[in-house]
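Structure first, commentary second.
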Amino acid sequence: MSSVETKPLPSAEAGHWGAEIRSDLHVALEARDSGGIELLLESRVAPYYGNAIMEQARVVLAELGVKHARVAIHDEGALPPTIGARIEAAARRAGIGLDKRWLPEQHPLPAPSPKDRLRRSRLYLPGSEPKYYINAALHAPDAVILDLEDSVHRDEKDAARILVRNTLRAVDFGSCERMVRINQLPLGLEDLAEIVGESPDLILIPKVERPEQVAEVDRMIGEIKSRNGITRPMWIMPILESALGIENAFFVAAASENVAALTIGLEDYTADLGVVKTREGHESQYARARVVNAAHAAGVQAIDSAFGDVGDMDGLRRWGEASRALGFEGIGCVHPGQIRVIHEAFRPTAAEIEKAQRIVAAFEEAQKKGLAVVSLGSKMIDPPVVHRALKLVERAKAMGAIL
Amino acid sequence: MSDRVELAHNALGRQVPTMVNGKPQIPFLGVGKFQPRGRKAAPPICSSKDYPDNGDKRVADLETALRKCGMRNGMVISNHHHLRDGDKVALMALEAAAKIGIKDLIWFPSASFPSQQGAIELMEKGVIHHIEGSMNGPLGDYCTQGKMRGMGVLRSHGGRYQAIQDGEVHVDIAVIAAPTADFFGNADGSHGKSACGSLGFALADSTYADRVIVVTDNLVPFPCVPWQIQGNNVDYVVEVESIGDPAKIVSGTTQITRSPDRLRIAELVASFLRAAGIMKNGFSFQAGAGGIALAFVQYLKQMMKEDGVKARFVRGGSTKFLVELLQEGLTDYILDGQTFDLDGVGSMANDARHVATSPFTSYNYHGKGNFASLVDAVVLGATEVDVNFNANVVTHSDGRLLHGIGGWQNCLFSGCSILALPSFRDRIPVIVDEVTTMTGPGEMIDVVVTERGIAINPRRTDLLDAVKGSKLPVRPIQDIKAEVERICGGKPARPKLGDRPCAVVKWVDGTVLDTVWQVG
């Protein structure tokens, strides 16, 4: 008889369950060396989707190459992309099927995102909270951000990026730009490896201090895109969150053609300065102005930090209006209720629109007549003013402020 | 329960029993098709010579009162549910009956609540034969598991009044919890430590029952004013330490939903009323105390202010939010069927424009009209709605009893009945091919508002025209259904229901609309 060395068989779990949990599930997987798949299911939707869940679990496990295992699923009404993601996370944590993927049915990709599109509001969606995804677009933010960074616990990063990948692939985000905030480098590179194949429209890189960090991300995105035959653009928005980052703002913004916008994270920035973050924001006045200037110098959008107090709509409105006055084109939001207020704050006033329309009309008139000089009444209009008016009218149309 | 039940198809093709608890039934004939005949039921003629000249009808306790009322086996005993989950009187009365040794009672509450699950033990012991009234939670499960000896009968608030008035249900003894009363039996709900606002649900019981007992924990010297219940209908008055748990009778504050998706539904409903031109000077509406309905009131209020519009009346279930409309001059009256929070109770007690109503004035279909059909728009919930706009409010999609009908069916007679619903709950789509239990015929339901869009009943071409050109996301109901099924990964499986009826759903005219089948 030969002596057989027995290794303990791997087991792992992923996901969440409990009375407070919605649209998620918990998967406990114990590998076995024989006996096939033993599936156990507890689900609050068992009478309606119990069979569908069992069937999906078998397909996912087969795809991942899990042949012998006891898999216990505790489902809280999760949707198929989440079910697949949690099973895959459990398998990978058990060290099985590391080179394999199960991908949910593809929702048709939205049209590629123009570099200069409206980015007034971007709604943060925590990367471990599937319940927020499915209806996010109904609240009509300009963008959604699937967040892998601060809203995801360190121990959940691996599972979150699988969930975000499936979500990018399968969830209908309507006309929202689909953004992902990856983790700080180097962890962020692992995020890219998982998600870039699903063509997010824009990647936010946190805590950027040097242009090389942007270049590294840009290079990796380029590699994955060409490996996957992806040709549509994937923009980059660096987040500056430190004094050094602010000092390098222009170089960061100019680090790649693919940088579409530059933004600032005030929580970390004020912490770096060792000052208190106030509602008025005097302590970050300089940094925000610097971001606006650097962005414009590099020809990209300047986007402001999020406003954290979801109960204070008046404060949000004031913050948004001040932001627009400074030269920002949008701010982040942490609750759908903030979206409308932000859009109103970034809407040009009727007087601004009217003036811009008159300038545009004068410009078009001059073009028709072959005149180099645009004049309105007795006043000559400088080319930068014409340019600004054209942009404002175009923006106002995109916002629906002009029909 | 007898195992052999004859079934017939009603006008909607639903299979319903022809006999319920030994009484022949009329299957639903269609809305407005059943013509009642005959005269109303009446209580026995009494004489003042049999009641104390000094007006003092107090007796020592409930047991004594029940004995004096001549309580016997098999009687129908009724309660109202204005004290909601805080009520102690119903179980007090049933347990007093048990102590006397009574069996086979038919308990006829205007609604039951989870805190009354003690009734299960009384059914097990044979004290209660069956319940005719809403059943949810543990009582609902007991019924749909087929454990009740008789068949459950679910009626709307108006239908309950109609059943008593028409003599379909004869109440032998009504036991009425009264937050304030005098020794003569005059009773009021809007004052006292257990105040609940209106006592309207007890009106039919007090006027049609053979015997009436008022139970109070706040006895005041004659006269108790206002007398929502007239002492002239009352046989005995019982004073107790406490009729209920005030914390569970009314909530301190009613809560608006904080869910962004539900807020979106609420705002869409308000925007619809505005765009359709229903929100105009002198209009009226009714919304309940659910999270979406409360949020709807807040959105509508904002729009009314913006457009300078004032309502003539609003119908409660009153809450702080309706009271604010009244106080800010945005409505002339609140016509209140039940009172959900302390602000509502306080307003009814102190403001003559906040009027207590009853199922007789508001809902009774067998009368010379009722207020529900005068309301311009009503916002309601449902557990399921089907592609033909039929809706279910009483059972889960798995067939388990979940809710009573409440005023829901009665409200469908308003000018525009709107169901405000999330398009799916957990993973379960709310729009289905066919409802599990028919509670409201689709011809009565005008609009379904979900977070994914607004579906207007194709019968309402006027509403479709009214919102044409608006920015509202108006979509065919099939379209929303298909989208939700795509999200949820296909149609849900239909749980298999049993073939044994355990309860029936009555329509507002007393005909049988559908059957609740035994589960599992």
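Chains as they are written, first to last, in this note's numbering: chain A, 1 to 403; chain B, 1001 to 1520. Cβ coordinates follow ideal geometry from the N, Cα and C atoms, glycine included.
7 Å Cβ shell around residue i - same chain, five flanking residues per side excluded
i, result
"residue 16 of chain A", "24 and 26"
"residue 32 of chain A", "9, 68, 69 and 70"
"residue 1 of chain A", "Low per-residue confidence applies at residue 1 of chain A: pLDDT is 46, beneath 50, and the placement is therefore not dependable enough to give any value."
"residue 220 of chain A", "189 and 192"
"residue 1491 of chain B", "1485"
"residue 147 of chain A", "124, 125, 126, 127 and 181"
"residue 1220 of chain B", "1180 and 1182"
"residue 383 of chain A", "none"
"residue 64 of chain A", "88, 91, 96, 97, 100 and 102"
Bridge partner(s) assigned by DSSP for residue i
i, result
"residue 1079 of chain B", "B:1109"
"residue 202 of chain A", "A:179 and A:235"
"residue 1417 of chain B", "B:1378"
"residue 1127 of chain B", "BP columns for residue 1127 of chain B are empty, so no partner."
"residue 381 of chain A", "A:374"
"residue 1522 of chain B", "Look at the range of chain B in this structure, 1001 to 1520, and you will see that residue 1522 of chain B is not part of it."
"residue 1473 of chain B", "According to DSSP, which records beta bridges pairwise, residue 1473 of chain B is partnered with nothing at all."
"residue 21 of chain A", "Answer is none; residue 21 of chain A lacks a bridge partner."
"residue 1480 of chain B", "Residue 1480 of chain B pairs with nothing; no bridge assigned."
"residue 321 of chain A", "Note: residue 321 of chain A sits in no beta bridge, so no partner."
"residue 1211 of chain B", "B:1173"
"residue 286 of chain A", "Looking at the DSSP assignment, residue 286 of chain A forms no beta bridge with any residue, so it has no partner."
Cβ-based neighbour list, residue i, same chain, cut-off 6 Å, excluding 5 preceding and 5 following
i, result
"residue 268 of chain A", "241"
"residue 290 of chain A", "246 and 249"
"residue 1126 of chain B", "1103"
"residue 1398 of chain B", "1495"
"residue 285 of chain A", "none"
"residue 1083 of chain B", "1177, 1196, 1244 and 1249"
"residue 374 of chain A", "362, 363, 366, 381 and 386"
"residue 1277 of chain B", "1466"
Cβ-Cβ separation, residue j to residue i (assumed contact under 8 Å), whole Å
i, j, result
"residue 1128 of chain B", "residue 1091 of chain B", "Contact flag wrong, Cβ pair sits at about 11 Å."
"residue 1437 of chain B", "residue 1388 of chain B", "In fact, because the Cβ distance is near 15 Å, the residues do not count as touching under 8 Å."
"residue 1386 of chain B", "residue 1435 of chain B", "5 Å"
"residue 258 of chain A", "residue 1493 of chain B", "Between residue 1493 of chain B and residue 258 of chain A the Cβ distance is about 47 Å, and since that is not below 8 Å, they are no contact."
"residue 1505 of chain B", "residue 1497 of chain B", "Their Cβ separation, rounded to whole angstroms, is 14 Å, which puts residue 1505 of chain B and residue 1497 of chain B out of contact at 8 Å."
"residue 316 of chain A", "residue 338 of chain A", "6 Å"
Own chain, CB closer than 8 Å to residue i, minus 5 neighbours either side, in chain order
i, result
"residue 1041 of chain B", "1164, 1165, 1166, 1167, 1170 and 1208"
"residue 1445 of chain B", "1385, 1389, 1390, 1391, 1412, 1417, 1419 and 1457"
"residue 1147 of chain B", "1123"
"residue 1035 of chain B", "none"
"residue 1001 of chain B", "With a pLDDT of 46 at residue 1001 of chain B, under the threshold of 50, the modelled position of this residue cannot be trusted; read the value that follows with caution. So the qualifying residues of the chain are 1146, 1148, 1149, 1150, 1151, 1500 and 1502."
"residue 161 of chain A", "127, 148, 190, 191, 194 and 195"
Cβ of residue i within 9 Å of any chain E Cβ
i, result
"residue 1489 of chain B", "No chain E is part of this structure, whose protein chains are labelled A and B."
Proximity test, residue i beta-carbon vs the ligand ZN heavy atom, cut-off 8 Å
i, result
"residue 1186 of chain B", "What this structure holds is no ligand at all, so the ligand ZN is not there to describe."
Item checked: Whole runs of the beta strand (DSSP E) within the segment 43-118 of chain A, excluding any shorter than 3 residues -> 69-75
Notebook entry, point to check: In chain order, which alpha helix (DSSP H) runs of at least 4 residues are fully inside the segment 334-367 of chain A?
Noted result: 337-345
Checklist line | Inside the segment 1219-1269 of chain B only - beta strand (DSSP E) runs reaching at least 3 residues | finding: 1236-1239
Margin query: For the pair the segment 136-155 of chain A and the segment 105-125 of chain A, tell me if three or more CB-CB distances fall below 8 Å.
Written below: yes
Next item on the list: Give a yes or no on contact between the segment 1283-1303 of chain B and the segment 1314-1329 of chain B, applying the rule of three or more CB pairs nearer than 8 Å.
Entry: yes
Next item on the list: List in chain order: all unbroken beta strand (DSSP E) runs of 3+ residues lying wholly within the segment 128-178 of chain A.
Entry: 143-147
Next item on the list: At 3 residues or longer, and completely inside the segment 208-271 of chain A: list those beta strand (DSSP E) runs for me, N to C.
Entry: 235-240 and 261-264
Margin query: Please give me, in chain order, every unbroken run of the beta strand (DSSP E) with length at least 3 that falls completely inside the segment 1376-1459 of chain B.
Written below: 1377-1380, 1384-1386, 1417-1420, 1447-1450 and 1453-1456
Notebook entry, point to check: So, do the segment 1494-1513 of chain B and the segment 1467-1477 of chain B have three or more beta carbon pairs nearer to each other than 8 Å?
Noted result: Below 8 Å, too few C-beta pairs join the segment 1494-1513 of chain B and the segment 1467-1477 of chain B to call them touching: fewer than three.
Next item on the list: Taking 8 Å as the threshold, find out whether the segment 1178-1191 of chain B comes into contact with the segment 1212-1232 of chain B through three or more Cβ pairs.
Entry: yes
Next item on the list: Starting from the N-terminal side, write out each stretch of the beta strand (DSSP E) that is 3 residues or longer and does not extend beyond the segment 1110-1183 of chain B.
Entry: 1128-1131, 1152-1154 and 1173-1178
Next item on the list: With a floor of 4 residues, list each alpha helix (DSSP H) that falls wholly inside the segment 1311-1376 of chain B, ordered by position along the chain.
Entry: 1320-1327, 1342-1350 and 1359-1362
Check: Any chance the segment 1309-1318 of chain B sits against the segment 1339-1354 of chain B, with 3 or more Cβ pairs inside 8 Å?
Finding: yes
Check: What residue ranges within the segment 1050-1077 of chain B form continuous alpha helix (DSSP H) runs of no fewer than 4 residues, ordered along the chain?
Finding: Taking 4 residues as the shortest admissible run, the segment 1050-1077 of chain B contains the following complete alpha helix (DSSP H) segments, listed from N- to C-terminal end: 1062-1068.
Checklist line | Inter-stretch contact (C-beta, 8 Å, three-pair minimum) for the segment 1254-1267 of chain B and the segment 1277-1295 of chain B | finding: yes
Note to self: Three or more C-beta pairs under 8 Å: does that hold for the segment 1186-1202 of chain B against the segment 1025-1033 of chain B?
What the structure shows: no
Notebook entry, point to check: Are the segment 1304-1312 of chain B and the segment 1282-1289 of chain B touching, with three or more C-beta to C-beta distances below 8 Å?
Noted result: yes
Next item on the list: Please confirm if the segment 1454-1473 of chain B is in contact with the segment 92-108 of chain A, defined as three or more CB-CB distances below 8 Å between the two stretches.
Entry: The segment 1454-1473 of chain B is not in contact with the segment 92-108 of chain A.
Notebook entry, point to check: Taking one C-beta from the segment 1363-1371 of chain B and one from the segment 1113-1123 of chain B each time, how about it: are there three or more such pairs within less than 8 Å?
Noted result: No, the segment 1363-1371 of chain B does not touch the segment 1113-1123 of chain B.
Notebook entry, point to check: Would you say the segment 171-179 of chain A touches the segment 127-139 of chain A, given that touching needs at least three Cβ pairs under 8 Å?
Noted result: yes
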